[in-house]
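Visitor:
There are 2 protein chains.
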Amino acid sequence: MAYELYYWPTIQGRGEYVRLALEDAGADYVDVARRSKAGVSAMMKMMQAKTGTPSFAPPFLVSGKITVGQTAAILLYLGGRHDLAPKTEAGRLWVHQLQLTIADFVQEVHDTHHPIGVSLYYDDQKNAAKKRSAEFRKERVPKFLGYFERLLEGGGATYLIGRKATYADLSLFQIVEGLRYAFPKYMKKYERQIPNLIALHDRVADRPNIAAYLASDRRIPFNEDGIFRRYKALDK
Amino acid sequence: MAYELYYWPTIQGRGEYVRLALEDAGADYVDVARRSKAGVSAMMKMMQAKTGTPSFAPPFLVSGKITVGQTAAILLYLGGRHDLAPKTEAGRLWVHQLQLTIADFVQEVHDTHHPIGVSLYYDDQKNAAKKRSAEFRKERVPKFLGYFERLLEGGGATYLIGRKATYADLSLFQIVEGLRYAFPKYMKKYERQIPNLIALHDRVADRPNIAAYLASDRRIPFNEDGIFRRYKALDK
Numbered sequence: 081m082a083y084e085l086y087y088w089p090t091i092q093g094r095g096e097y098v099r100l101a102l103e104d105a106g107a108d109y110v111d112v113a114r115r116s117k118a119g120v121s122a123m124m125k126m127m128q129a130k131t132g133t134p135s136f137a138p139p140f141l142v143s144g145k146i147t148v149g150q151t152a153a154i155l156l157y158l159g160g161r162h163d164l165a166p167k168t169e170a171g172r173l174w175v176h177q178l179q180l181t182i183a184d185f186v187q188e189v190h191d192t193h194h195p196i197g198v199s200l201y202y203d204d205q206k207n208a209a210k211k212r213s214a215e216f217r218k219e220r221v222p223k224f225l226g227y228f229e230r231l232l233e234g235g236g237a238t239y240l241i242g243r244k245a246t247y248a249d250l251s252l253f254q255i256v257e258g259l260r261y262a263f264p265k266y267m268k269k270y271e272r273q274i275p276n277l278i279a280l281h282d283r284v285a286d287r288p289n290i291a292a293y294l295a296s297d298r299r300i301p302f303n304e305d306g307i308f309r310r311y312k313a314l315d316k
Numbered sequence: 081m082a083y084e085l086y087y088w089p090t091i092q093g094r095g096e097y098v099r100l101a102l103e104d105a106g107a108d109y110v111d112v113a114r115r116s117k118a119g120v121s122a123m124m125k126m127m128q129a130k131t132g133t134p135s136f137a138p139p140f141l142v143s144g145k146i147t148v149g150q151t152a153a154i155l156l157y158l159g160g161r162h163d164l165a166p167k168t169e170a171g172r173l174w175v176h177q178l179q180l181t182i183a184d185f186v187q188e189v190h191d192t193h194h195p196i197g198v199s200l201y202y203d204d205q206k207n208a209a210k211k212r213s214a215e216f217r218k219e220r221v222p223k224f225l226g227y228f229e230r231l232l233e234g235g236g237a238t239y240l241i242g243r244k245a246t247y248a249d250l251s252l253f254q255i256v257e258g259l260r261y262a263f264p265k266y267m268k269k270y271e272r273q274i275p276n277l278i279a280l281h282d283r284v285a286d287r288p289n290i291a292a293y294l295a296s297d298r299r300i301p302f303n304e305d306g307i308f309r310r311y312k313a314l315d316k
């Protein structure tokens, strides 16, 4: 039975980390809200349920009787079923921990353009966004990406945990792609400090199922409604 | 063998969710960095490792050969070992998903006093903090706590998933405690909208091991270095 993925139909956003795992695994899935407007209504209605396992926010995944939300939890579930995570408890926890650190970084990316709040427009918080982005570029990107770069150096630099890709590698690919889109000037200078991470990015991009996905219209282009947004004022 | 918990020794912070689970379980553990200054040095050194499973940030837990970081991943690990989570895959995922939503909320609490960046002092971002806190009180608290309140209503209101407490219930106790500390004026008005959540808080506080912990000097008092900070300008 095909998985049903519920996520906003016009952005990559947090759903993209799930899409990348499903695509890499060659899994049969339906991106429900992209298929029809009724899909969006169904998604909203499922989140309002009082019983079952309603999610606070998309994405969530329906797999038979299981409905699971929160990007990292979805990946934890898929990783075990599609060989995108180790089999051992320690290995599964480690990859999950890495994914949670990626999730923290994604939140910080989001807050570069929305430091004051999600209910306000970017233009109404532009000055705060400039300040937050300056700190993001100077402190936060080097801290987070430096961490992953160090792990790749220590591990021999094929994939994060060795010779086999996990969902965390797919997510790091997306992080590099997203930063290149949102902060092109900054990344042009910064990338030379993370050669292993860039090599990992390229390696993921070359995986046949990922390459096919990126070339398809299933891959939604980056845009200014998603997490990674290209605002000139925030890039230097 | 006793667990070793590594976390900042002078704050509750994110480590507190782990402490609450360990205490409720009656688990044998050492709060390493609270024991000695050498513990803090050891913690910093472990995070700098290139091999093994070094954490990006505290808290992390050493359990025999396993070292696991990220609060929610630590709780996922402990939940299975100490009957603080269901045995089924679906049940474990659901409680984990709830914890990840709590973690998202904790990040938003943090950002009320640090909307521009962690490298700046509160006083240097006070105006932005006021704006962010206004949105937090008006939009975000009702959205997050309303979600958990709805789940408690739907589930019959003993604990989140039924009659047995999980680590997510312990964490919700901490959320209510923290909000009462940081936003006392606001919570005095708001609490009447979340009667089930307040009842859950009281139920957790009455659990014998939790009550004993809260009365002990192992419980660090709230202070203005942690996640929940009492700043008059942010409370209304």
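So the protein lines, in turn, are chains A and B. Mind the numbering: the first sequence is residues 81 to 316 in our numbering, read in order. Mind the numbering: the second sequence is residues 81 to 316 in our numbering, read in order. We put the CB at the ideal spot given by N, CA and C, even for glycine.
Quick check: the Cα distance between T332(B) and G306(B), rounded to an integer number of angstroms?
Guide: This structure gives no information on residue 332(B), because the portion of chain B shown stretches from 81 to 316.
Visitor: Is the Cβ of A165(B) closer than 8 Å to any Cβ of chain A?
Guide: For this step, residue 165(B) is matched to residue 85 along the second sequence. Chain A contact via Cβ: absent.
Visitor: Determine whether the beta carbon atoms of K316(B) and R220(B) lie at a separation below 8 Å.
Guide: The residue you call residue 316(B) lines up with position 236 of the second sequence. The residue you call residue 220(B) lines up with position 140 of the second sequence. Cβ distance not < 8 Å, so K316(B) and R220(B) don't count as in contact.
Visitor: Please list, in chain order, the chain B residues whose beta carbon lies closer than 7 Å to that of H190(A).
Guide: Residue numbering aside, residue 190(A) sits at position 110 when the first sequence is read from its first letter. What H190(A) touches in chain B: nothing, since even the nearest Cβ is about 10 Å away.
Visitor: For chain B, is any of its Cβ atoms less than 8 Å away from the one on H193(A)?
Guide: Your numbering for residue 193(A) matches position 113 in the first sequence. No, H193(A) lies away from the interface with chain B (no Cβ there is under 8 Å from its Cβ).
Visitor: Please list, in chain order, the residues of the region 239 to 260 of chain B that have any C-beta partner in chain A closer than 8 Å.
Guide: Listed in sequence order: no entries.
Visitor: Under three-state DSSP, which class holds T133(B)?
Guide: In the second sequence, counting from the first residue as 1, residue 133(B) sits at position 53. In this structure, T133(B) counts as coil in the three-state DSSP scheme.
Visitor: Please go through the same chain and pick out, in chain order, the residues whose beta-carbon is closer than 7 Å to the beta-carbon of R309(B), but skip the five residues on each side of it.
Guide: As a position in the second sequence, residue 309(B) is number 229, starting the count at 1. Here the set comprises H193, A262.
Visitor: Closer than 9 Å by beta-carbon distance: list the chain A residues that pair up with H162(B), in chain order.
Guide: The sequence position of residue 162(B) within the second sequence is 82, counting from 1. Chain A residues near H162(B): none, gap ~15 Å exceeds 9 Å.
Visitor: Go ahead and pull the three-state DSSP assignment for G306(B).
Guide: Here residue 306(B) refers to the residue found at position 226 of the second sequence. G306(B): coil per DSSP, three-state reduction.
Visitor: When the cut-off is 8 Å and only beta carbons count, does I146(A) lie next to chain B?
Guide: Here the question's residue 146(A) lines up with position 66 in the first sequence. Yes, contact with chain B.
Visitor: With a floor of 4 residues, list each alpha helix (DSSP H) that falls wholly inside the region 231 to 277 of chain A, ordered by position along the chain.
Guide: Runs of the alpha helix (DSSP H) inside the region 231 to 277 of chain A: 247 to 262, 264 to 270.
Visitor: For Y83(A), which beta-bridge partners are listed by DSSP?
Guide: Residue numbering aside, residue 83(A) sits at position 3 when the first sequence is read from its first letter. Y83(A) pairs with Y109(A).
Visitor: Go to L173(B), then tell me how far its alpha helix (DSSP H) extends in each direction, as first and last residue.
Guide: Position 93 of the second sequence holds residue 173(B). Per DSSP, L173(B) belongs to the alpha helix (DSSP H) from 169 to 193.
Visitor: According to DSSP, is T90(A) helix, strand or coil?
Guide: Residue numbering aside, residue 90(A) sits at position 10 when the first sequence is read from its first letter. Here T90(A) sits in coil by DSSP.
Visitor: Got a sec? Which residues, its chain only, sit under 7 Å from E271(B) by beta carbon, not counting five neighbours each side?
Guide: Along the second sequence, one-based indexing puts residue 271(B) at 191. The answer, listed in chain order, is I278.
Visitor: Within the present structure, is the beta-carbon of L252(A) separated from the nearest heavy atom of the ligand MN by less than 7 Å?
Guide: In the structure shown, the ligand MN is absent, as is every other ligand, since no ligand is present at all.
Visitor: A214(A) to Q254(A), Cα distance in whole Å?
Guide: Start at 1 with the first residue of the first sequence, and residue 214(A) comes out as number 134. Start at 1 with the first residue of the first sequence, and residue 254(A) comes out as number 174. Distance between the alpha carbons of A214(A) and Q254(A) is about 22 Å.
Visitor: Please classify R243(A) as buried or exposed, where buried requires at least 16 neighbouring CB atoms within 10 angstroms.
Guide: Along the first sequence, read from residue 1 onward, the residue named residue 243(A) stands at position 163. R243(A) comes out exposed.
Visitor: Among the candidates A129(B), D191(B), V198(B), D163(B), whose CA atom is the shortest distance from the CA of V198(A)?
Guide: As a first step, residue 198(A) must be located in the first sequence, where it is residue number 118. When each option's Cα is compared against that of V198(A), the closest is D191(B).
Visitor: Are the beta-carbon atoms of S143(B) and Y83(B) separated by less than 8 Å?
Guide: Here the question's residue 143(B) lines up with position 63 in the second sequence. Here the question's residue 83(B) lines up with position 3 in the second sequence. A contact, by the Cβ cut-off of 8 Å.
Visitor: Are the CB atoms of A209(B) and L314(B) nearer to each other than 8 Å?
Guide: Numbered from 1 along the second sequence, position 129 holds the residue referred to as residue 209(B). Numbered from 1 along the second sequence, position 234 holds the residue referred to as residue 314(B). Yes, Cβ-Cβ distance for A209(B) and L314(B) is below 8 Å.
Visitor: Which residues of chain A have a Cβ atom closer than 8 Å to the Cβ of I196(B), listed in chain order?
Guide: Within the second sequence, the letter at position 116 stands for residue 196(B). Residues of chain A passing the Cβ test: P195, A208, K211, R212, E215.
Visitor: Contact criterion: CB-CB distance below 8 Å. Does A101(B) meet it with respect to chain A?
Guide: As a working note, residue 101(B) is residue 21 in the second sequence. False, the Cβ-Cβ gap to chain A never drops below 8 Å.
Visitor: Can you find the residues in the same chain that come closer than 7 Å, C-beta to C-beta, to E233(B), ignoring five residues on each side of it along the sequence?
Guide: Here residue 233(B) refers to the residue found at position 153 of the second sequence. N276.
Visitor: Span of the alpha helix (DSSP H) holding S121(A)?
Guide: Within the first sequence, the letter at position 41 stands for residue 121(A). Residues 117 to 127.
Visitor: Which of helix, strand or coil does DSSP assign to L200(B)?
Guide: For the purposes of this step, residue 200(B) is taken as residue 120 along the second sequence, with counting starting at 1. Reduced to three states, the DSSP call for L200(B) is coil.
Visitor: Measuring CB to CB, does A113(A) end up less than 8 Å from L164(A)?
Guide: The count along the first sequence starts at 1 and reaches residue 113(A) at position 33. The count along the first sequence starts at 1 and reaches residue 164(A) at position 84. Result no, Cβ atoms of A113(A) and L164(A) do not sit closer than 8 Å.
Visitor: Would you please state the rounded distance, in angstroms, between the beta carbons of A152(A) and Q187(A)? I believe it to be under 8 Å.
Guide: As a first step, residue 152(A) is located in the first sequence; it is residue number 72 there, counting from the start. As a first step, residue 187(A) is located in the first sequence; it is residue number 107 there, counting from the start. Contact flag wrong, Cβ pair sits at about 12 Å.
Visitor: How many angstroms separate the CA atom of P288(B) from the CA atom of H281(B)?
Guide: Taking the second sequence and counting its residues from 1, the one referred to as residue 288(B) is at position 208. Taking the second sequence and counting its residues from 1, the one referred to as residue 281(B) is at position 201. Cα-Cα distance, rounded: 14 Å.
Visitor: Please compile the residues from chain A whose C-beta is within a distance smaller than 7 Å of the C-beta of L180(B).
Guide: Within the second sequence, numbered from 1, the residue matching residue 180(B) stands at position 100. What L180(B) touches in chain A: Q150, A152, A153.
Visitor: How is L280(A) classed by DSSP in three states: helix, strand or coil?
Guide: The count along the first sequence starts at 1 and reaches residue 280(A) at position 200. Looking at L280(A) - three-state DSSP - the assignment turns out to be helix.
Visitor: Based on DSSP bridge pairs, tell me the residues matched to G149(B).
Guide: Along the second sequence, one-based indexing puts residue 149(B) at 69. F140(B), per the DSSP bridge assignment.
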